[in-house]
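What follows is the structure, given as C-alpha coordinates:
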(Lines of atoms letter the chains of each structure in order from A and count residues from 1; the text may use other names and numbers.)
(Lines give C-alpha, C1' and ligand atoms only; values in the text may rest on other atoms or scores of the structure.)
Protein backbone atom coordinates (compact mmCIF):
# COMPACT_ATOMS: atom_id res chain seq x y z
CA UNK A 1 0.00 0.00 0.00
CA UNK A 2 1.21 3.49 -0.81
CA UNK A 3 1.11 5.71 2.28
CA UNK A 4 1.85 9.39 2.25
CA UNK A 5 1.25 12.35 4.53
CA UNK A 6 -0.42 15.47 3.17
CA UNK A 7 1.67 17.57 5.53
CA UNK A 8 5.30 18.62 5.22
CA UNK A 9 6.79 19.06 8.68
CA UNK A 10 8.50 22.42 8.99
CA UNK A 11 9.12 22.63 12.73
CA UNK A 12 8.03 21.18 16.02
CA UNK A 13 7.22 22.54 19.45
CA UNK A 14 6.10 20.85 22.65
CA UNK A 15 2.55 21.26 23.87
CA UNK A 16 1.00 19.35 26.80
CA UNK A 17 3.82 16.83 26.66
CA UNK A 18 3.42 15.95 22.99
CA UNK A 19 5.25 17.03 19.85
CA UNK A 20 2.91 19.33 17.94
CA UNK A 21 3.73 20.20 14.38
CA UNK A 22 3.51 23.44 12.42
CA UNK A 23 2.96 22.18 8.90
CA UNK A 24 2.36 23.13 5.30
CA UNK A 25 -0.80 21.30 4.26
CA UNK A 26 -2.89 20.11 1.39
CA UNK A 27 -5.80 20.79 3.73
CA UNK A 28 -7.95 23.50 2.12
CA UNK A 29 -9.47 24.77 5.41
CA UNK A 30 -8.88 23.94 9.07
CA UNK A 31 -10.88 25.17 12.07
CA UNK A 32 -11.40 24.27 15.72
CA UNK A 33 -15.17 23.92 15.54
CA UNK A 34 -15.60 22.70 19.13
CA UNK A 35 -12.44 23.64 21.05
CA UNK A 36 -11.39 22.24 24.42
CA UNK A 37 -8.46 24.50 25.29
CA UNK A 38 -7.95 24.04 29.04
CA UNK A 39 -8.18 21.06 31.34
CA UNK A 40 -10.78 23.02 33.29
CA UNK A 41 -13.03 23.57 30.23
CA UNK A 42 -16.26 21.65 29.81
CA UNK A 43 -14.96 19.13 27.27
CA UNK A 44 -16.25 18.10 23.85
CA UNK A 45 -16.39 14.61 22.38
CA UNK A 46 -18.00 12.53 19.58
CA UNK A 47 -18.30 14.46 16.29
CA UNK A 48 -21.14 14.21 13.76
CA UNK A 49 -21.58 16.21 10.54
CA UNK A 50 -24.00 16.44 7.61
CA UNK A 51 -24.65 18.66 4.60
CA UNK A 52 -28.13 20.19 4.40
CA UNK A 53 -30.05 20.48 1.14
CA UNK A 54 -29.36 24.25 1.10
CA UNK A 55 -25.61 23.57 1.33
CA UNK A 56 -25.17 24.38 5.03
CA UNK A 57 -22.81 22.22 7.08
CA UNK A 58 -24.23 21.12 10.43
CA UNK A 59 -21.67 19.89 12.97
CA UNK A 60 -22.73 18.35 16.30
CA UNK A 61 -20.82 17.10 19.36
CA UNK A 62 -21.25 16.07 22.99
CA UNK A 63 -20.73 18.90 25.51
CA UNK A 64 -19.84 16.86 28.56
CA UNK A 65 -20.50 18.66 31.84
CA UNK A 66 -20.00 15.28 33.55
CA UNK A 67 -16.71 14.69 31.63
CA UNK A 68 -17.69 11.06 31.00
CA UNK A 69 -19.75 8.81 28.72
CA UNK A 70 -23.43 8.36 29.52
CA UNK A 71 -23.84 6.30 32.67
CA UNK A 72 -20.25 6.68 33.90
CA UNK A 73 -20.66 9.85 35.94
CA UNK A 74 -20.45 8.10 39.32
CA UNK A 75 -21.66 10.50 41.97
CA UNK A 76 -21.98 13.35 39.43
CA UNK A 77 -25.26 14.35 37.87
CA UNK A 78 -24.45 12.85 34.45
CA UNK A 79 -25.32 15.93 32.39
CA UNK A 80 -24.33 15.94 28.71
CA UNK A 81 -25.69 18.43 26.17
CA UNK A 82 -25.60 18.21 22.39
CA UNK A 83 -24.16 21.39 20.85
CA UNK A 84 -24.05 22.40 17.19
CA UNK A 85 -22.48 24.87 14.79
CA UNK A 86 -23.48 25.72 11.23
CA UNK A 87 -21.32 26.85 8.32
CA UNK A 88 -23.01 28.58 5.39
CA UNK A 89 -19.91 28.80 3.19
CA UNK A 90 -18.59 25.23 2.91
CA UNK A 91 -16.62 25.33 6.15
CA UNK A 92 -14.85 28.65 5.66
CA UNK A 93 -16.60 30.33 8.60
CA UNK A 94 -18.78 28.93 11.38
CA UNK A 95 -21.72 30.49 13.20
CA UNK A 96 -21.76 30.59 17.03
CA UNK A 97 -22.33 27.44 19.08
CA UNK A 98 -25.90 26.64 20.08
CA UNK A 99 -27.51 23.86 22.09
CA UNK A 100 -29.74 21.31 20.37
CA UNK A 101 -30.78 19.61 23.62
CA UNK A 102 -29.77 20.11 27.24
CA UNK A 103 -29.14 17.27 29.60
CA UNK A 104 -31.03 17.85 32.83
CA UNK A 105 -28.89 15.72 35.13
CA UNK A 106 -30.41 13.23 37.50
CA UNK A 107 -32.71 15.78 39.09
CA UNK A 108 -35.44 15.30 36.46
CA UNK A 109 -35.74 11.74 35.10
CA UNK A 110 -33.51 9.03 33.68
CA UNK A 111 -34.12 9.74 29.98
CA UNK A 112 -33.30 13.46 30.23
CA UNK A 113 -30.11 13.02 32.31
CA UNK A 114 -27.81 13.39 29.32
CA UNK A 115 -27.67 13.08 25.52
CA UNK A 116 -24.57 11.88 23.70
CA UNK A 117 -22.96 10.05 20.76
CA UNK A 118 -24.95 11.87 18.05
CA UNK A 119 -25.51 10.62 14.51
CA UNK A 120 -27.10 12.86 11.90
CA UNK A 121 -28.44 13.11 8.34
CA UNK A 122 -30.00 15.93 6.31
CA UNK A 123 -32.64 15.01 3.74
CA UNK A 124 -31.37 15.62 0.22
CA UNK A 125 -34.73 16.95 -1.04
CA UNK A 126 -36.06 19.07 1.82
CA UNK A 127 -35.04 21.20 4.79
CA UNK A 128 -35.52 18.28 7.20
CA UNK A 129 -32.64 17.04 9.35
CA UNK A 130 -32.74 13.96 11.57
CA UNK A 131 -30.61 13.26 14.66
CA UNK A 132 -30.27 10.18 16.85
CA UNK A 133 -28.38 9.99 20.14
CA UNK A 134 -27.93 7.92 23.27
CA UNK A 135 -29.80 9.21 26.30
CA UNK A 136 -30.18 8.63 30.01
CA UNK A 137 -27.96 7.60 32.90
CA UNK A 138 -27.26 3.89 32.28
CA UNK A 139 -23.91 2.93 30.75
CA UNK A 140 -23.83 0.61 27.76
CA UNK A 141 -21.96 -2.18 29.64
CA UNK A 142 -24.47 -2.03 32.53
CA UNK A 143 -27.55 -2.21 30.30
CA UNK A 144 -30.26 -4.83 30.71
CA UNK A 145 -33.47 -5.44 28.78
CA UNK A 146 -35.38 -3.84 31.64
CA UNK A 147 -32.99 -0.94 32.33
CA UNK A 148 -30.87 0.51 29.54
CA UNK A 149 -29.94 3.66 27.67
CA UNK A 150 -32.61 5.54 25.79
CA UNK A 151 -32.45 6.19 22.04
CA UNK A 152 -33.41 9.82 21.46
CA UNK A 153 -34.65 11.18 18.14
CA UNK A 154 -34.84 14.87 17.24
CA UNK A 155 -35.97 16.52 14.01
CA UNK A 156 -35.29 19.90 12.42
CA UNK A 157 -37.51 21.39 9.73
CA UNK A 158 -35.21 24.34 8.91
CA UNK A 159 -31.82 22.87 7.98
CA UNK A 160 -30.69 22.44 11.57
CA UNK A 161 -31.46 25.91 12.93
CA UNK A 162 -34.12 24.74 15.42
CA UNK A 163 -34.94 21.31 16.81
CA UNK A 164 -37.82 19.31 18.24
CA UNK A 165 -37.83 18.03 21.80
CA UNK A 166 -36.18 14.60 22.17
CA UNK A 167 -38.37 11.51 21.95
CA UNK A 168 -37.34 8.09 23.25
CA UNK A 169 -37.80 5.27 20.71
CA UNK A 170 -35.67 2.68 22.53
CA UNK A 171 -38.53 0.35 23.41
CA UNK A 172 -39.66 0.09 19.78
CA UNK A 173 -36.16 -0.86 18.62
CA UNK A 174 -35.38 -3.20 21.53
CA UNK A 175 -38.72 -4.92 20.96
CA UNK A 176 -37.73 -5.94 17.42
CA UNK A 177 -35.12 -8.29 18.89
CA UNK A 178 -37.17 -9.86 21.68
CA UNK A 179 -38.14 -12.99 19.77
CA UNK A 180 -35.00 -13.71 17.74
CA UNK A 181 -32.42 -16.37 18.65
CA UNK A 182 -30.06 -13.84 20.20
CA UNK A 183 -32.73 -11.84 21.99
CA UNK A 184 -33.86 -10.23 24.05
CA UNK A 185 -30.85 -7.95 23.78
CA UNK A 186 -29.40 -6.45 26.95
CA UNK A 187 -27.98 -3.18 25.71
CA UNK A 188 -27.80 -1.10 22.54
CA UNK A 189 -26.70 2.16 20.98
CA UNK A 190 -26.54 3.56 17.44
CA UNK A 191 -23.11 4.21 15.93
CA UNK A 192 -22.28 7.93 16.08
CA UNK A 193 -21.32 10.14 13.14
CA UNK A 194 -23.11 9.87 9.79
CA UNK A 195 -26.49 8.26 9.17
CA UNK A 196 -26.59 7.18 5.53
CA UNK A 197 -29.38 8.24 3.16
CA UNK A 198 -29.77 5.97 0.15
CA UNK A 199 -28.79 7.22 -3.29
CA UNK A 200 -30.98 4.64 -4.98
CA UNK A 201 -33.99 3.51 -2.89
CA UNK A 202 -36.93 5.87 -2.41
CA UNK A 203 -40.15 4.80 -0.72
CA UNK A 204 -43.03 7.29 -0.92
CA UNK A 205 -41.65 10.74 0.07
CA UNK A 206 -38.14 9.92 1.25
CA UNK A 207 -34.98 8.14 0.27
CA UNK A 208 -34.29 5.37 2.76
CA UNK A 209 -32.15 5.96 5.85
CA UNK A 210 -29.63 3.41 7.15
CA UNK A 211 -27.82 3.30 10.48
CA UNK A 212 -26.20 0.55 12.50
CA UNK A 213 -26.32 -0.43 16.14
CA UNK A 214 -24.07 -2.19 18.60
CA UNK A 215 -25.98 -4.60 20.82
CA UNK A 216 -25.13 -6.99 23.62
CA UNK A 217 -27.20 -10.12 23.02
CA UNK A 218 -28.87 -12.39 25.56
CA UNK A 219 -25.58 -14.29 26.04
CA UNK A 220 -23.44 -11.16 26.41
CA UNK A 221 -21.93 -11.28 22.91
CA UNK A 222 -21.48 -7.99 21.03
CA UNK A 223 -23.13 -7.80 17.61
CA UNK A 224 -23.86 -5.23 14.90
CA UNK A 225 -27.12 -5.01 12.97
CA UNK A 226 -28.22 -2.52 10.30
CA UNK A 227 -31.49 -0.64 10.74
CA UNK A 228 -33.44 1.19 8.05
CA UNK A 229 -36.25 3.75 7.94
CA UNK A 230 -38.50 4.67 5.01
CA UNK A 231 -40.22 7.62 6.75
CA UNK A 232 -37.14 9.71 7.60
CA UNK A 233 -36.48 8.29 11.01
CA UNK A 234 -39.84 7.92 12.72
CA UNK A 235 -40.02 4.13 12.37
CA UNK A 236 -37.20 1.61 11.99
CA UNK A 237 -36.80 -2.00 10.88
CA UNK A 238 -33.94 -4.52 10.83
CA UNK A 239 -32.27 -5.03 7.46
CA UNK A 240 -32.55 -8.73 6.57
CA UNK A 241 -33.44 -11.52 8.97
CA UNK A 242 -32.85 -10.84 12.67
CA UNK A 243 -30.97 -14.12 13.01
CA UNK A 244 -28.67 -13.23 10.09
CA UNK A 245 -26.10 -11.15 12.03
CA UNK A 246 -23.83 -8.91 9.88
CA UNK A 247 -20.96 -8.53 12.39
CA UNK A 248 -20.10 -10.73 15.37
CA UNK A 249 -17.68 -9.38 18.01
CA UNK A 250 -17.83 -5.91 16.45
CA UNK A 251 -18.07 -2.50 18.06
CA UNK A 252 -19.14 0.98 16.92
CA UNK A 253 -20.45 0.62 13.34
CA UNK A 254 -21.21 2.73 10.22
CA UNK A 255 -23.18 2.06 7.02
CA UNK A 256 -22.75 3.00 3.36
CA UNK A 257 -23.97 1.96 -0.11
CA UNK A 258 -21.73 0.44 -2.73
CA UNK A 259 -21.92 1.63 -6.35
CA UNK A 260 -24.23 -1.30 -7.22
CA UNK A 261 -26.66 -0.43 -4.40
CA UNK A 262 -25.64 -3.14 -1.95
CA UNK A 263 -25.17 -2.13 1.70
CA UNK A 264 -21.77 -2.28 3.41
CA UNK A 265 -21.32 -2.17 7.18
CA UNK A 266 -18.01 -1.06 8.69
CA UNK A 267 -17.34 -1.88 12.34
CA UNK A 268 -14.61 -0.84 14.74
CA UNK A 269 -12.23 -3.59 15.84
CA UNK A 270 -8.66 -3.95 17.09
CA UNK A 271 -6.15 -3.27 14.32
CA UNK A 272 -8.57 -2.08 11.64
CA UNK A 273 -12.18 -2.64 10.57
CA UNK A 274 -14.68 -5.47 10.11
CA UNK A 275 -16.72 -5.31 6.89
CA UNK A 276 -19.77 -7.15 5.58
CA UNK A 277 -22.03 -6.67 2.55
CA UNK A 278 -25.81 -7.14 2.23
CA UNK A 279 -27.11 -8.69 -1.00
CA UNK A 280 -30.65 -7.58 -1.81
CA UNK A 281 -33.33 -9.91 -3.07
CA UNK A 282 -35.83 -7.04 -3.14
CA UNK A 283 -34.60 -3.49 -2.45
CA UNK A 284 -38.01 -1.94 -1.87
CA UNK A 285 -38.94 -4.63 0.67
CA UNK A 286 -35.38 -4.64 2.09
CA UNK A 287 -35.08 -8.42 1.88
CA UNK A 288 -31.86 -10.31 1.26
CA UNK A 289 -28.94 -11.75 3.18
CA UNK A 290 -25.54 -10.85 4.59
CA UNK A 291 -22.24 -12.28 3.42
CA UNK A 292 -19.35 -13.44 5.58
CA UNK A 293 -17.70 -10.72 7.63
CA UNK A 294 -14.08 -9.88 6.77
CA UNK A 295 -11.25 -8.18 8.65
CA UNK A 296 -9.35 -5.29 7.06
CA UNK A 297 -5.94 -4.40 8.45
CA UNK A 298 -2.21 -4.80 8.09
CA UNK A 299 -2.37 -8.51 7.24
CA UNK A 300 -4.34 -7.90 4.02
CA UNK A 301 -3.13 -4.42 3.07
CA UNK A 302 -6.32 -2.92 4.47
CA UNK A 303 -7.49 -0.14 6.77
CA UNK A 304 -4.83 -0.57 9.42
CA UNK A 305 -5.34 0.95 12.87
CA UNK A 306 -2.12 0.07 14.65
CA UNK A 307 -2.61 -0.90 18.31
CA UNK A 308 -6.08 0.64 18.54
CA UNK A 309 -9.80 0.14 17.96
CA UNK A 310 -11.70 3.34 17.30
CA UNK A 311 -14.78 4.87 15.72
CA UNK A 312 -14.28 6.01 12.11
CA UNK A 313 -16.32 6.92 9.03
CA UNK A 314 -16.97 5.33 5.62
CA UNK A 315 -17.95 7.28 2.49
CA UNK A 316 -18.40 6.16 -1.14
CA UNK A 317 -18.05 8.70 -3.96
CA UNK A 318 -18.09 8.80 -7.78
CA UNK A 319 -14.71 9.93 -9.10
CA UNK A 320 -12.70 10.28 -12.29
CA UNK A 321 -9.31 8.61 -12.48
CA UNK A 322 -7.07 11.42 -13.68
CA UNK A 323 -4.51 9.25 -15.51
CA UNK A 324 -7.01 8.02 -18.12
CA UNK A 325 -10.15 10.10 -17.37
CA UNK A 326 -12.12 6.93 -16.58
CA UNK A 327 -15.28 7.19 -14.46
CA UNK A 328 -15.03 5.00 -11.37
CA UNK A 329 -15.83 5.05 -7.63
CA UNK A 330 -13.80 5.55 -4.49
CA UNK A 331 -14.42 4.45 -0.90
CA UNK A 332 -12.93 6.40 2.01
CA UNK A 333 -12.48 4.99 5.52
CA UNK A 334 -11.13 7.03 8.43
CA UNK A 335 -9.32 5.55 11.46
CA UNK A 336 -6.47 6.53 13.77
CA UNK A 337 -3.39 5.15 12.00
CA UNK A 338 -1.76 4.69 15.41
CA UNK A 339 0.07 3.50 17.29
CA UNK A 340 -2.82 3.82 19.70
CA UNK A 341 -5.32 6.63 19.25
CA UNK A 342 -2.99 8.92 17.32
CA UNK A 343 -2.47 10.14 13.77
CA UNK A 344 -6.06 10.07 12.49
CA UNK A 345 -6.26 9.78 8.73
CA UNK A 346 -8.23 8.50 5.76
CA UNK A 347 -7.65 5.35 3.69
CA UNK A 348 -8.99 5.10 0.15
CA UNK A 349 -9.70 2.32 -2.35
CA UNK A 350 -10.89 2.39 -5.95
CA UNK A 351 -14.11 0.46 -6.58
CA UNK A 352 -13.69 0.10 -10.32
CA UNK A 353 -13.55 -3.55 -11.24
CA UNK A 354 -16.34 -5.48 -9.50
CA UNK A 355 -13.78 -7.93 -8.18
CA UNK A 356 -12.57 -5.19 -5.83
CA UNK A 357 -15.83 -5.35 -3.88
CA UNK A 358 -17.85 -8.40 -4.98
CA UNK A 359 -17.32 -10.07 -1.59
CA UNK A 360 -16.58 -8.70 1.89
CA UNK A 361 -13.14 -10.33 1.77
CA UNK A 362 -12.23 -8.60 -1.51
CA UNK A 363 -13.62 -5.28 -0.28
CA UNK A 364 -11.52 -5.54 2.89
CA UNK A 365 -8.16 -6.09 1.20
CA UNK A 366 -5.72 -4.12 -0.94
CA UNK A 367 -6.63 -0.51 -0.23
CA UNK A 368 -4.79 1.90 -2.51
CA UNK A 369 -3.45 4.59 -0.20
CA UNK A 370 -3.98 6.96 2.69
CA UNK A 371 -3.62 10.52 3.89
CA UNK A 372 -2.76 11.53 7.45
CA UNK A 373 -4.89 14.32 8.91
CA UNK A 374 -3.33 14.70 12.36
CA UNK A 375 0.13 14.28 13.88
CA UNK A 376 -1.28 14.33 17.43
CA UNK A 377 -3.27 12.02 19.70
CA UNK A 378 -6.63 11.82 17.92
CA UNK A 379 -9.62 9.50 17.93
CA UNK A 380 -13.21 9.56 16.59
CA UNK A 381 -13.84 10.92 13.09
CA UNK A 382 -16.60 11.43 10.54
CA UNK A 383 -17.02 13.10 7.15
CA UNK A 384 -19.51 14.48 4.64
CA UNK A 385 -19.59 15.44 0.97
CA UNK A 386 -20.04 19.21 0.92
CA UNK A 387 -22.10 21.30 -1.48
CA UNK A 388 -18.92 22.38 -3.31
CA UNK A 389 -17.99 18.69 -3.83
CA UNK A 390 -15.17 18.75 -1.28
CA UNK A 391 -14.93 16.55 1.81
CA UNK A 392 -15.68 17.98 5.24
CA UNK A 393 -13.70 15.94 7.79
CA UNK A 394 -14.50 16.28 11.50
CA UNK A 395 -12.36 14.55 14.13
CA UNK A 396 -11.19 14.56 17.74
CA UNK A 397 -7.69 15.84 18.45
CA UNK A 398 -5.67 16.72 21.56
CA UNK A 399 -4.87 20.09 20.04
CA UNK A 400 -4.50 21.97 23.32
CA UNK A 401 -4.86 19.56 26.22
CA UNK A 402 -5.01 15.89 27.08
CA UNK A 403 -8.12 13.77 26.67
CA UNK A 404 -7.60 12.68 30.27
CA UNK A 405 -9.82 15.68 31.01
CA UNK A 406 -12.65 13.80 29.31
CA UNK A 407 -12.65 15.48 25.91
CA UNK A 408 -10.91 16.67 22.79
CA UNK A 409 -10.98 19.64 20.46
CA UNK A 410 -13.29 18.74 17.57
CA UNK A 411 -11.38 19.85 14.50
CA UNK A 412 -12.74 20.46 10.98
CA UNK A 413 -10.63 20.00 7.87
CA UNK A 414 -11.63 20.44 4.24
CA UNK A 415 -10.14 18.28 1.49
CA UNK A 416 -10.49 17.82 -2.23
CA UNK A 417 -10.43 14.28 -3.61
CA UNK A 418 -7.23 15.28 -5.44
CA UNK A 419 -5.69 16.21 -2.09
CA UNK A 420 -6.71 12.95 -0.40
CA UNK A 421 -5.42 10.79 -3.27
CA UNK A 422 -2.25 12.73 -4.14
CA UNK A 423 -3.71 13.77 -7.49
CA UNK A 424 -4.85 10.31 -8.63
CA UNK A 425 -8.61 11.06 -8.67
CA UNK A 426 -11.06 13.96 -8.76
CA UNK A 427 -14.74 14.07 -7.89
CA UNK A 428 -17.11 13.11 -10.73
CA UNK A 429 -19.46 16.07 -10.34
CA UNK A 430 -21.95 14.85 -12.96
CA UNK A 431 -22.55 11.58 -11.10
CA UNK A 432 -22.81 12.84 -7.53
CA UNK A 433 -26.16 11.74 -6.07
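Residue numbers (my numbering): 1 to 433.
All C-beta atoms, glycine included, are put in the ideal place defined by N, C-alpha and C.
Here the structure is a predicted model, which is why all the values come from computation and not from measurement.
Look at the alpha carbon of residue i and the alpha carbon of residue j, and state the distance between them as a whole number of angstroms.
i	j	result
residue 404	residue 320	43 Å
residue 248	residue 413	33 Å
residue 188	residue 143	8 Å
residue 43	residue 216	28 Å
residue 339	residue 396	16 Å
residue 329	residue 317	6 Å
residue 197	residue 275	19 Å
residue 238	residue 40	42 Å
residue 30	residue 96	17 Å
residue 371	residue 27	11 Å
residue 209	residue 285	14 Å
residue 211	residue 65	27 Å
residue 258	residue 114	35 Å
residue 383	residue 47	9 Å
residue 291	residue 222	18 Å
residue 298	residue 343	16 Å
residue 67	residue 308	22 Å
residue 432	residue 76	47 Å
Pull the bridge partners of residue i from the DSSP assignment, please.
i	result
residue 61	83
residue 289	279
residue 384	392
residue 223	215, 248
residue 29	414
residue 130	121, 155
residue 72	DSSP, once it has assigned bridges, lists no residue as partnering residue 72.
residue 373	BP columns for residue 373 are empty, so no partner.
residue 196	210
residue 378	397
residue 253	267
residue 315	332
residue 294	275
residue 327	320
residue 408	44
residue 51	57
Less than 9 Å between the beta carbons of residue i and residue j, yes or no?
i	j	result
residue 78	residue 103	yes
residue 133	residue 116	yes
residue 250	residue 262	no
residue 59	residue 82	no
residue 194	residue 50	yes
residue 135	residue 166	yes
residue 434	residue 271	Because residue 434 is not part of the residues shown, which for the chain are 1 to 433, the question remains open.
residue 172	residue 236	yes
residue 390	residue 91	yes
residue 369	residue 422	yes
residue 252	residue 214	yes
residue 435	residue 52	The structure shown has nothing for residue 435, since the chain only spans 1 to 433.
residue 153	residue 234	yes
residue 313	residue 365	no
residue 350	residue 377	no
residue 140	residue 69	yes
residue 33	residue 394	yes
residue 294	residue 360	yes
residue 108	residue 120	no
Could you pull the start and end residues of the alpha helix (DSSP H) that residue i belongs to?
i	result
residue 137	Per DSSP, residue 137 belongs to no alpha helix (DSSP H) and is neither H nor E.
residue 173	170 to 175
residue 345	That residue, residue 345, is in no alpha helix (DSSP H); its beta strand (DSSP E) goes 344 to 350.
Identify, in the order they occur along the chain, each residue of the same chain with its Cβ nearer than 8 Å to the Cβ of residue i, setting aside the five sequence neighbours on each side.
i	result
residue 98	83, 84, 85
residue 150	110, 111, 134, 135, 136, 168, 170
residue 174	145, 148, 184, 185, 188
residue 266	253, 254, 255, 256, 273, 274, 275, 312, 314, 333
residue 106	77, 78, 113, 137
Under 6 Å Cβ to Cβ from residue i, same chain only, skipping five residues before and after it: list those, please.
i	result
residue 332	315, 346, 348
residue 100	82, 84, 163
residue 200	261
residue 280	288
residue 277	262, 264, 291, 360
Residue range of the beta strand (DSSP E) that residue i falls in?
i	result
residue 360	Segment 360 to 364 is the alpha helix (DSSP H) holding residue 360; no beta strand (DSSP E) there.
residue 419	Looking at the DSSP string, residue 419 is not in any beta strand (DSSP E); the run it does join, the alpha helix (DSSP H), is 417 to 420.
residue 117	115 to 122
residue 232	Run containing residue 232: none; DSSP gives neither H nor E here.
residue 425	425 to 427
residue 239	Where residue 239 is concerned, there is no enclosing beta strand (DSSP E), given that its DSSP letter is neither H nor E.
residue 189	187 to 190
residue 98	98 to 101
Should residue i be listed as close to the ligand HEM, given that the test is whether its C-beta is under 8 Å from any heavy atom?
i	result
residue 105	The ligand HEM is absent from the structure shown, which contains no ligands of any kind.
Residues in the same chain with beta-carbon distance under 7 Å from residue i, minus the five sequence neighbours each way, listed in chain order, please.
i	result
residue 181	243
residue 310	268, 335, 336, 341, 379, 380
residue 207	124, 197, 198, 201
9 Å is my cut-off, CB to CB: does residue i come that close to chain D?
i	result
residue 315	As a matter of chain content, chain D is missing from the structure shown, which is built from one protein chain.
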